[in-house]
Each structure stands twice: as structure tokens, then as C-alpha cells.
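The structure under discussion appears below in the form of C-alpha cells.
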Amino acid sequence: MDPFSETLAQVTKALAQTGIRYAIGGSVASSAHGIWRSTMDIDLVAAIRPDQAETLAAALGPDWYADPQMIRTAIQAGQSFNVIQKRLAYKVDIFPAKEEFHAAQLERAEVVLLGVGKVPCAVTSAEDILLAKLHWYRAGGEGSDRQWSDIVGLITANVSLDVDYLQFWAARLGVSGLLEKARETARTE
Numbered sequence: 002m003d004p005f006s007e008t009l010a011q012v013t014k015a016l017a018q019t020g021i022r023y024a025i026g027g028s029v030a031s032s033a034h035g036i037w038r039s040t041m042d043i044d045l046v047a048a049i050r051p052d053q054a055e056t057l058a059a060a061l062g063p064d065w066y067a068d069p070q071m072i073r074t075a076i077q078a079g080q081s082f083n084v085i086q087k088r089l090a091y092k093v094d095i096f097p098a099k100e101e102f103h104a105a106q107l108e109r110a111e112v113v114l115l116g117v118g119k120v121p122c123a124v125t126s127a128e129d130i131l132l133a134k135l136h137w138y139r140a141g142g143e144g145s146d147r148q149w150s151d152i153v154g155l156i157t158a159n160v161s162l163d164v165d166y167l168q169f170w171a172a173r174l175g176v177s178g179l180l181e182k183a184r185e186t187a188r189t190e
């Protein structure tokens, strides 16, 4: 199995064993929805509690760098943390589900076969990865051409997006203007 698929299979198996709901996001999710971009890490949102840190680290096993104390501290602070597949040199960034939008992402996640190994994974919907990328683009000062390209590409590649859902969450996330700008840019390209 290729390193990406093997990493996905291991981390999703560990999450399933510990009963932690997750949804793959970031570039992997946007690639799954038609905007391919290479990446050396995997982002996911997870409904993980501090008391699950030790169990997750144990489920990942010795091939992984997963420090339970660091994981617990990050979750308690509402911050992301990472675990690393040491042999394959793949990093997984885990964002604890702490906001209402994270709950929506988990609820709407779709099982998609990812990687050469066709690993079944819960992946954020096209609408949710679009909204997340708009949020990251705004938080990053609206200067990333790569993020903007992903945003416009997602709109172009997914013609049947749920516009009502997008507008509802864009307003709540404070990115309504960016969503409209991106939709206009997609129409003119």
C-alpha cells in the first residue's frame, strides 16, 4: 500500500477503535471533491475529548508519534495537535470539534474511497470544505493564492452545491462577502 493510503488506513482505524467521530478536511477533502492538490499531511476534525488522548495514542501504536499529554493539553485549550506516522513520515493534524460548525461537518461527512489503496474515510462535504477554506482564507489575511484557487475550483467543480446551506454558514462564519466574491469569480472563469 502507498504511504498516503497506509497512513489514512491506520489513523482512521485508530479513530474507529476509540469511537472518535472524524471527518477528513483540508487539501485531501478538496481533492476528493474535484480540486486535486498534493499534500504531505492530512487534516481532520474530530470529536475527541481529553480523556481519549491515552486511548488514541495506544490505538495508533508504536509506529506513531502521539504524545497523550500533548494531545490532552491541546484538546483542553481547543487547539489542534498532530500525530505522526514515523516510518512513513506522514503528519496528521487533528482539529478538535469545538464549534457548532465542526458538529455540522461531522454530521454531513460522506464516506469516500481515498488514495491508491481506496481507503474508506469520512470526508467533509463539498460545501463544508468550501466554507472551511473560506474561513482559513479570511483568518490568513486573504493573501493565499493557493487557498483562493482551491475555493474557486471547488465552486467550479461542484455545480450542485447547496447554496442555502452555504449562505447560512457563511453568514455565521463571517465570510458571506468572500463566498459571493468566489462565486462571481467562478462564474467568470
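Position in the sequence shown (first residue = 1) + 1 = our numbering.
For every residue, glycine included, the Cβ atom is placed at its ideal position computed from N, Cα and C.
On a predicted model such as this, the values are computed, not experimentally measured, just so you know.
Apart from the five residues on each side of it in sequence, which residues of its chain come closer than 7 Å, Cβ to Cβ, to residue i?
i	result
residue 18	60
residue 101	none
residue 113	33, 122, 124
residue 145	138
Since residue i contacts residue j with CB under 8 Å, what's their CB separation in whole angstroms?
i	j	result
residue 107	residue 15	Wrong, their Cβ atoms sit about 17 Å apart, outside the cutoff.
residue 194	residue 135	Because residue 194 is not part of the residues shown, which for the chain are 2 to 190, the question remains open.
residue 79	residue 99	5 Å
Got a sec? Which residues, its chain only, sit under 6 Å from residue i by beta carbon, not counting five neighbours each side?
i	result
residue 51	73, 76, 77
residue 11	none
residue 187	153, 156, 157
Any idea if residue i is buried or exposed, counting beta-carbon neighbours within 10 angstroms, 16 or more meaning buried?
i	result
residue 125	buried
residue 129	buried
residue 7	buried
residue 172	exposed
residue 63	exposed
residue 27	buried
residue 120	buried
residue 37	exposed
residue 13	buried
With residue i as the anchor, note down where its beta strand (DSSP E) starts and where it stops.
i	result
residue 45	42-47
residue 69	Premise fails: residue 69 lies in the alpha helix (DSSP H), 69-78, not in any beta strand (DSSP E).
In the DSSP assignment, the alpha helix (DSSP H) including residue i goes from what residue to what residue?
i	result
residue 16	4-18
residue 181	177-189
residue 94	Counting along the chain, residue 94 falls outside any alpha helix (DSSP H), though it belongs to the beta strand (DSSP E) covering 91-97.
residue 153	146-158
Tell me the rounded alpha-carbon separation between residue i and residue j.
i	j	result
residue 39	residue 31	11 Å
residue 196	residue 178	This structure cannot speak to residue 196, because the chain is shown only from 2 to 190.
residue 176	residue 184	12 Å
residue 49	residue 84	14 Å
residue 56	residue 127	31 Å
residue 65	residue 54	13 Å
residue 89	residue 43	13 Å
residue 174	residue 147	21 Å
residue 94	residue 21	15 Å
residue 4	residue 29	14 Å
residue 140	residue 133	10 Å
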